[in-house]
Structure formats: structure tokens, C-alpha cells
Amino acid sequence: MKMPLFCLRIMNCILGEGKITAAQMQGGIFTITNLGAFGIESFTPVINYPEAAILGLGAIRKEPVFLDDGQVVAQLQLALSLTFDHRIVDGAPAARFLQSLVSAIANPSAFFEKS
114 MKMPLFCLRI
124 MNCILGEGKI
134 TAAQMQGGIF
144 TITNLGAFGI
154 ESFTPVINYP
164 EAAILGLGAI
174 RKEPVFLDDG
184 QVVAQLQLAL
194 SLTFDHRIVD
204 GAPAARFLQS
214 LVSAIANPSA
224 FFEKS
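Counting from 114, one number per residue, gives the positions in the sequence shown under the working numbering.
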């Protein structure tokens, strides 16, 4: 699950400038939706038919977390919610995808290939 930095930069430019067209948004199999930008901490996204899955991102917030040594510290938390069509995707691969995503968010430099 690696993405060349070049591809990410191109996508960022297109999306950041608002130049994506309706035609470019058709034919997808997966959607990412972010209600966190509106302060929503968590939600259950609904799949856009005929796509296979949708990932919902909630608002980033600080929460108390217990460390292994018993200390309590404030840590940033992000709610991720994956809704998928179980006729297309089984639960185990969906869970592995979320595990990979959490690892990539926790350690982004390991996620991207150098180009």
C-alpha cells in the first residue's frame, strides 16, 4: 500500500485548485469523505452506489491516553469509519486495510516511496 510521491503531488494540485471535473469523479470504486472539517467527530458514511466502500474521517481531537508506565497524556485522535459492501469485500481484508492506514498515519514517511 505505497503511493509514489509524484502521484500524490499531482492529485493534491488538481484537488487543491478545485479543477476536478464531474466526469473525473465518475467510475470510482472507493470514496473518502471528511466531515471532520465541520467538527463532526465520528459518523457512519453511506456507500455511493455502485462503489465498494467509503472511508469517513472525523475531526482530529485531543484525548487523554494512558501510557504503558501509567502516565496520562493528551494525544491527538482521529476517528476512521470504513463502510464496505460485504458482497464485494470480506471483513478480514477490510480490517487489514484499516490497520495499514493507521500505520501509515502514525508513520507517514514509511508509507510514501521516494521518487
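For each residue, glycine too, the CB sits at the ideal point set by N, CA and C.
As the structure is a prediction and not an experimental result, all values here were calculated from the model.
What residues are listed by DSSP as bridge partners for Thr144?
Ile167
Quick one: using the 10 Å Cβ neighbour count with 16 as the cut-off for buried, is Leu170 buried or exposed?
buried
The alpha helix (DSSP H) spanning Ala208 covers which residue range?
204–219
Counting C-beta neighbours from all protein chains within 10 Å, is the total for Ile167 16 or more, i.e. buried, or is it exposed?
buried
Restricting to Cα atoms, I'd like to know which of Leu189, Val185, Ala165 is closest to Arg174.
Leu189
Does the beta-carbon distance from Phe156 to Ser194 come in below 8 Å?
yes
Helix, strand or coil: how does DSSP classify Gln184 here?
coil
Would you report the Cα separation of Ala172 and Leu191, rounded to the nearest angstrom?
Roughly 6 Å between the two C-alpha positions.
State the start and end residues of the unbroken beta strand (DSSP E) segment that holds Leu193.
Here the beta strand (DSSP E) through Leu193 covers 193–197.
Please list the terminal residues of the continuous beta strand (DSSP E) segment that includes Pro177.
174–179
Out of Val185, Lys132, Thr196, Arg209, state which residue places its alpha-carbon closest to the alpha-carbon of Ala165.
Thr196
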